Structures are given as structure tokens and as C-alpha cells.
Ligand SMILES: Nc1nc2c(ncn2[C@@H]2O[C@H](COP(=O)(O)OP(=O)(O)OP(=O)(O)O)[C@@H](O)[C@H]2O)c(=O)[nH]1
Ligand SMILES: [Mg+2]
């Protein structure tokens, strides 16, 4: 059977990691083995469809909402959005900051200058319902190559949209306005796909700014309330925009990701001592927290909302603090924290690190980044990355020669000299791994891993055998059953017999076959 | 950035200074009123906040500790970007640490101009008998660069409340002046709104020098 060879395929060839289109960049399982650029080209149409689905959903939600508000609401709100009829969205001529002038909440005083008023009217044209129709025409031509992915994402956006709506319902009147503006904003962004990352960021930041200013006067300066709303707005907007604005092809984010990844891989030899990290991994509780911190920082890539990504960094930082606190028995200062974070980043080599940092920088609510606690940890992560990029011998207390030798792999810092061979026993038996453990913890770990792998292999073999056994058993059982059935059939051949004679007193009894009914006989005597 | 218009302020303050001058001790004393306590329950002392009420205005102070080691010096700009104030600490018994402060001042003025309120803090005045930095020299220097000078002891809890209260008042003045300049608009300028970014090239030097201690 061919399954034997297949089972051995644990080892991953470098070429399997590369983009399936052969462009030289790394592929990603999430992009079906393509790199982001090829993926984008390949699935441009799928995305097109996604956008239409979003719009359809937005309309659906809008209708739902309209119903919800219908009771409390006069007709004035509808007239405003339907008054315009512009046939096509003018993608090219759209001013990049067009959305900056959003329809004001009715309660707010009109303090805008004439210039702003002019902007409002032009912008409204783009937001008018008819613009929403434009992409629908494309949908008829567009095929959908990956329905599963678009379904999955639309499910998530669907859920986020529902949550958002639920949240806004509690806000009553302003909730409706907020939803309207967010929707309009997302639509306007769909026309701005050609813009560079910085301009996109500008658009989103302008929108945040505008909305929070309005909210600020609505909530009479209660920044907590404003923040609460803005968090939800960010979640709603960025979940929808994520695909088109994360690591966009107009930037070299992806190239930087790869460079950083390579850099971190090349620095694998850096030890915790060189960085002067005050975490003692011998203590089990500390190493637990180190592992958790590593997991957290890796997890960041899987989140879509900037705030959720930040939360991963914060989680990671908290685990680092715990590890330091256990080791040193005093609160961690920046001097303890930064080296520890650098160490964690080096160990984790988090996926798409630069893209994630750029994405958070561009699209996170700015107040959170600038004064908040999350912002502090994020800043430290930026510092860690900057440090790793610039790192040289001096920053690790090494001579330039030493640093070069470690970088080129000629020497390992774990051994005093770089000549001779590794004290590695080739047989790899249990006894040898214990002796090497004393010499080199990395080798010991390697042996341990090898043992684990081979035991895993054995177990897999056993599993395969058992499966085969089961299969054979099944087959023989089936045969057995068949044979038995056959036997029985042969032993008791099927005969077609006349139906059993009916009872005497059935109604339709054919009287001619039956003996004549008994008639009373009278015997004389 | 100072956010929230006239009703409440959020300020970011960075702590700079050589290792062992007492930066961590200062903030822990200020925010938790603790010093060298082996039973400190605080998990970390690298980011601490304090809420204040100054003449009826609410102020949220976020104090950012920075890694003081020399090898992290180049990361300074990433830390102090967008900060409203900087507390530059030296140890009165250590002349080198005062030289470090002078370097920080130069760098901050070059990168952030007069947007940032500077405090120069001579810590450990409980060790006055070992003083190596003359009081009047330090005060004269501070004045010459538009900074305020303070004397503190984290050990004896001296001068710390005053230092931060004074700093807050100055940052409020700066923020309000800023707002007036922008014609009362609640918005922050586009350039300053940008969060933290990693950039290799140096930002253009803003007009250096001058006096920021707004009367
Ligand atoms: N006598 C005296 N000692 C102080 C004072 N402030 C801090 N110390 C001591 O100075 C030492 C260093 O204090 P830290 O607060 O850790 O200094 P730091 O500036 O945070 O140092 P790094 O984190 O290494 O940059 C500690 O042993 C403190 O106990 C003070 O006001 N008086
Ligand atoms: Mg410290």
C-alpha cells in the first residue's frame, strides 16, 4: 500500500513553504499556499464578492435597523439619504479625506465653515444608495474560486456586525447615526483600494477623530463613554477592512516581515545571559510564564481588530512581569522588562511581525496607543524589534569577531572554543543522551526531541497496523456474513408455495371447494 | 497627547536617566507610596498611572519608565515620541549621571522642540553629605534650557508630589495654549496624531532652545 510512504512525509521541504506560483516569496497555508501578492491576484474576484456580501449585509442590517427604529422615528431620516442619485462612484476623483465631513448628528450645532458644508454635499453623493449598486454588476461576471473562505469570513463579519448593532441599540438615537456613518465609511473605503497604506490609515484615523469629536460633545465630555463606543466602532470597521488593509501590496511590509524572520532565525544563538534577562527558567513557574508569553505574542497574528492584537501583546507582557517578579521578587522595571521582551520575541519569532506592528500603528485608535497601558507595551515591542534589527556585538557585550563567528555559525556561544567536533554520540541511545545533557543542554533537548519523534513514529506504525488489522477484520467479517447468508439460503432454498388455505369461515371462501355445509340430519328413532 | 478638550487631560510622561539614579524608586513612591519594600505587591513598575484633580480638571497621568542601559539608548525616540513631559533624573552623588541628563536634554529639545515640558530632578538628597553636583550649577543649567529643577528623595518621600503636580500644571498650560492656537478645535494635528512608528531616519530637528516654562 502507498500509505507507508505517505506516512513518512513529516519532514517539510523548503520548496513546500514557498509560494505555489513560484514567485520566490513564502506561501501561507491561510492563503492556500500562495504568497500574499499572488493570493491577492488570484482571489481578487473572491474579494470583490466578499465586499458585495458585506454590502448586502449592511443593507440587510440597515433594513433591520430601520424597522427597529421605525416606531420611534419620523420619516425625516430616510429622505436625507435617498435624495441623491449619482450613477457611479467616482473612485479616482474621490477626495481622500472626503468622509471627514460626515452628516452631523442632528443634536449638534452646525459649527462648520462654508468650505466644510460644500464638502458634505459632494460627499453625500458618493454615499447615496445608488453607489451601492455599482459593484453588483460586477458580481454577475465574477466567479467565486474559494467559497469556503469567503463564507467563513463573512460569518465572522456577520457576527461582529450583529454585536455592533446590538451594542448600538442601547444607545438609541446616536446609535443609529453611528451605524449609518460607519456603514458609509466602509463603503467609501471600498472605492479607495488604490490608495497607499498611509493614505488609508489617514482616512481611518480621520474617521475615528471625527466620530470621537462628535461623540465627545454628545456625551458631554465623558471620555469613558466615548472610548466605549469607539472600541466597538474600531472592532466593526477593522473587521471589515482587515483583508484589504492588512499588509497591503502597496507597501513592502511583507518584505520586512521576511527580513525580520530571517534576522531572528540568524540570531538563534543569543542566550538569556547575553541579554541580561532577569528570568530564571530553571524555576518551573517562570518557564511556564515564558511559554505563555511566547504563545501570546504568536497569537497576535490571528486577530483582526487592532485592539485585539494589542491585547495579545499586553497578555504577553503580563506573563513576562510575572516571570520577572517570581525570579527577582520585586516589581519589574523597564530595565528588566525590555530585555525580557526581546528574549521572548527572539524565541517566538512571531509571524508577520512587521505587518502586525504597521497595521496596529496605522489603524488603532490613537488614544490607546499614545497614553494607554497597551500603548506602553506596544511601544516596547517596537523597541524590541528595533533592537533586534540593529543588534551587534556591542549590544550583547561581545567582541565584533565573536559576534561574526556566532552569526556565521562557525561557533556556538555555549562552548568555549570553536574547534573540534560536537561531543555527540551517534547511537542516540538513552545513556548517551544523559551524558551529553551535561555537556550541552541544547543537544540534550535535541536528543529528547528525537526520542519523542521516534516514539511517535512507532506509535504511528502501531496505529497503522491496527487500522489495517481492523480493515482486514471488517473485510473478513463481511465475507463471513455473506457466506453465512449464502449457506442459509442454500440450506433453505426459497420455494414458492401456494398461500395457506384460508379458514373455513372466511367470507369469500369459495364454496365449491369446500365440503357442503353440514346440514342437520334427523335420525328417526 | 493631551486629549479630551477642556474637560479632562491625558498626559504621557517619560522617565529618563542613567541606571541606579532612582527612577523606578521615584515612580513607585509617587504612585504606590512604597520604597525598597520587599513586600511590594505591584507586579511591575514600568508603566504606572495616577489620576489627579487639578483646579477642578481631571488629569490622567501615564508614567513610562524607560530602559536606562547604554545599549538601549538608541531606542529613546521610540519611547518619548508623543510625550507631553519628561522627567530627567540624576543622582546628586553621581556627577556622571548629571552629564547624562544634559545629553538627554539636548536630544529631547532637538527631536521634540518646546512641545515637551522638561523636569530635571536631583534625587537622593538624603545623601547630601556625598553630594557631587552643586545645587546652583544644576539650577542654573535647568533654567538655561527652559527646564525646571527639583530636588527629591525617594527614600524620605521628599519633593516628589510637588514635582509631579508642578509638571502637570505646566503640561495643562501647554495643552491649553495649543488648543487656543488651533482655534479651539478639538482635533489634534495630523502629524502629532500618528502613534508609534519604527523609522530609521531621524525626524527633522525642530527649532531648538528657547524657553518653554510658560510664565
Ligand atoms: N538613599 C537613597 N537611595 C535611593 C533613593 N532613590 C533610590 N535609591 C536607591 O538607588 C538604587 C537604584 O534605584 P532604582 O529606582 O532601581 O534606580 P533606577 O533609576 O530605576 O535604575 P535602573 O532601573 O537600573 O535604570 C536602589 O538601591 C534604591 O534603593 C533615594 O532617594 N535615596
Ligand atoms: Mg529602573
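Chains as they are written, first to last, in this note's numbering: chain A, 484 to 1008; chain B, 328 to 542. Heads up, the beta-carbon is just placed ideally off N, CA and C, and yes, glycines get one too. Since we're looking at a predicted model, the values are computed, not measured.
- Message: Comparing C-alpha positions only, which one of B:383, B:388, B:466 and B:378 sits nearest to residue 419 of chain B?
- Response: Closest by C-alpha distance to residue 419 of chain B, out of B:383, B:388, B:466 and B:378, is B:466.
- Is the CB of residue 856 of chain A under 7 angstroms away from at least one CB in chain B? Taking Cβ atoms only, chain B reaches closer than 7 angstroms to residue 856 of chain A, which makes this a yes.
- Limits of the beta strand (DSSP E) - the one that residue 950 of chain A falls within: Counting along the chain, residue 950 of chain A sits inside no beta strand (DSSP E); it lies in the alpha helix (DSSP H) bounded by residues 924 to 974.
- From A:663, A:818, A:976 and A:889, pick the residue whose C-alpha is nearest to that of residue 749 of chain A; which is it? For residue 749 of chain A, the closest of A:663, A:818, A:976 and A:889 by C-alpha to C-alpha distance is A:889.
- What does residue 377 of chain B pair with, by DSSP beta-bridge criteria? BP columns for residue 377 of chain B point to B:388.
- Query: Can you list every residue whose CB sits closer than 6 angstroms to some heavy atom of ligand 1, going in chain order?
  - Reply: Those residues that have a beta carbon less than 6 angstroms away from any non-hydrogen atom of ligand 1 are, in order along the chain, A:816, A:818, B:344, B:346, B:347, B:348, B:349, B:350, B:351, B:352, B:363, B:395, B:450, B:451, B:453, B:454, B:480, B:481 and B:482.
- Task: In the DSSP assignment, find the beta strand (DSSP E) that holds residue 446 of chain B and state where it starts and stops.
- Result: Secondary structure note for residue 446 of chain B: its beta strand (DSSP E) is the uninterrupted segment 444 to 450.
- Using the Cα positions of residue 348 of chain B and residue 738 of chain A, report the straight-line distance between them to the nearest angstrom. As the crow flies, the alpha-carbon of residue 348 of chain B is around 41 angstroms from that of residue 738 of chain A.
- Message: Relative to the C-alpha of residue 435 of chain B, which candidate in B:354, B:464, B:499 and B:473 has its C-alpha closest?
- Response: Comparing alpha carbon positions, the residue from B:354, B:464, B:499 and B:473 closest to residue 435 of chain B is B:473.
- Task: Identify the contact partners of residue 374 of chain B in chain D, using a Cβ-Cβ distance below 8 angstroms as the criterion.
- Result: Of the protein chains in the structure, A and B, none is chain D.
- Message: Measuring only the C-alpha atoms, how far is residue 483 of chain B from residue 489 of chain B?
- Response: Approximately 14 angstroms between the Cα atoms of the pair.
- Which residues in chain B sit within 7 angstroms of residue 794 of chain A, going by Cβ to Cβ distance? Neighbours of residue 794 of chain A on chain B: none; closest Cβ ~15 angstroms, over 7 angstroms.
- Item | Extent of the continuous alpha helix (DSSP H) to which residue 826 of chain A belongs | According to the DSSP assignment, residue 826 of chain A belongs to the alpha helix (DSSP H) that extends over 817 to 831.
- Query: Do you know whose CA, among A:787, A:832 and A:928, lies nearest residue 742 of chain A's CA?
  - Reply: Looking at the Cα atoms, A:832 is the closest of the given residues.
- Query: If you draw a straight line from the C-alpha of residue 405 of chain B to the C-alpha of residue 936 of chain A, how long is it?
  - Reply: For residue 405 of chain B and residue 936 of chain A, the distance between alpha carbons rounds to 44 angstroms.
- Query: Looking at the structure shown, is residue 880 of chain A part of a helix, part of a strand, or coil, going by DSSP?
  - Reply: Coil, per DSSP.
- Check the Cβ of residue 480 of chain B against every Cβ in chain A and list those closer than 9 angstroms, keeping chain order. Result: empty, since nearest Cβ-Cβ is about 19 angstroms, beyond 9 angstroms.
- Task: Taking 8 angstroms as the threshold, find out whether the segment 338 to 345 of chain B comes into contact with the segment 389 to 409 of chain B through three or more Cβ pairs.
- Result: Contact holds: three or more Cβ-Cβ distances are below 8 angstroms.
- Query: CA-CA distance, residue 516 of chain B and residue 733 of chain A?
  - Reply: Low confidence applies here, because residue 516 of chain B scores a pLDDT of 40, under 50, leaving its location unreliable; read the following figure in that light. As the crow flies, the alpha-carbon of residue 516 of chain B is around 25 angstroms from that of residue 733 of chain A.
- Close beta carbons around residue 384 of chain B, own chain, < 6 angstroms, minus the five adjacent residues each side: Closer than 6 angstroms at the Cβ level, and outside the excluded window around residue 384 of chain B, lies no residue.
- Counting contacts by CB-CB distance shorter than 7 angstroms, is residue 811 of chain A in contact with chain B? No, its Cβ sits nowhere closer than 7 angstroms to a Cβ of chain B.
- Which of the residues in the segment 811 to 828 of chain A, read from start to end, lie with their CB under 9 angstroms from any CB of chain B? Using a CB distance below 9 angstroms, the part of the segment 811 to 828 of chain A facing chain B consists of 812, 813, 814, 815, 816, 817, 818, 819, 820, 821 and 822, ordered along the chain.
- Taking Cβ positions, are residue 407 of chain B and residue 449 of chain B nearer each other than 7 angstroms? Judged by their CB atoms, residue 407 of chain B and residue 449 of chain B are not nearer to each other than the 7 angstroms cut-off.
- Environment of residue 717 of chain A [buried if 16+ CB atoms lie within 10 Å]: Buried, since its Cβ has 16 or more Cβ neighbours within 10 Å.
- Closer than 7 angstroms at the beta carbon, the chain A residues around residue 401 of chain B: Chain order gives the chain A residues near residue 401 of chain B as 873, where near means a beta carbon separation below 7 angstroms.
- Task: Consider the Cβ of residue 420 of chain B: report whether some Cβ of chain A lies at a distance smaller than 7 angstroms.
- Result: For residue 420 of chain B, the closest Cβ of chain A is not nearer than 7 angstroms.
- Query: Residues in its own chain within less than 8 angstroms of residue 440 of chain A by CB, not counting five upstream and five downstream?
  - Reply: There is simply no residue 440 of chain A to check, as chain A begins at 484 and stops at 1008 in what is shown.
- What residues are listed by DSSP as bridge partners for residue 342 of chain B? Bridge pairing for residue 342 of chain B: B:392 and B:414 [DSSP].
- Quick one: grab the DSSP three-state call for residue 729 of chain A. Reduced to three states, the DSSP call for residue 729 of chain A is coil.
- Item | Alpha-carbon to alpha-carbon, residue 702 of chain A and residue 764 of chain A | CA-to-CA, the gap between residue 764 of chain A and residue 702 of chain A works out to about 49 angstroms.
- Task: Identify the continuous alpha helix (DSSP H) that holds residue 751 of chain A and give its terminal residues.
- Result: Here residue 751 of chain A belongs to no alpha helix (DSSP H), and DSSP marks it neither H nor E.
- Message: Based on DSSP bridge pairs, tell me the residues matched to residue 371 of chain B.
- Response: According to DSSP, which records beta bridges pairwise, residue 371 of chain B is partnered with A:815.
- Query: Hey, out of A:543, A:720, A:862 and A:818, whose CA is closest to residue 339 of chain B's CA?
  - Reply: Selected option, being the one with the closest Cα: A:862.
- Message: Between the alpha carbons of residue 469 of chain B and residue 432 of chain B, how many angstroms are there, rounded?
- Response: The alpha-carbon atoms of residue 469 of chain B and residue 432 of chain B are separated by roughly 9 angstroms.
- Interfacial residues, the segment 422 to 440 of chain B to chain A, with Cβ spacing under 9 angstroms: The segment 422 to 440 of chain B vs chain A, Cβ under 9 angstroms: nothing.
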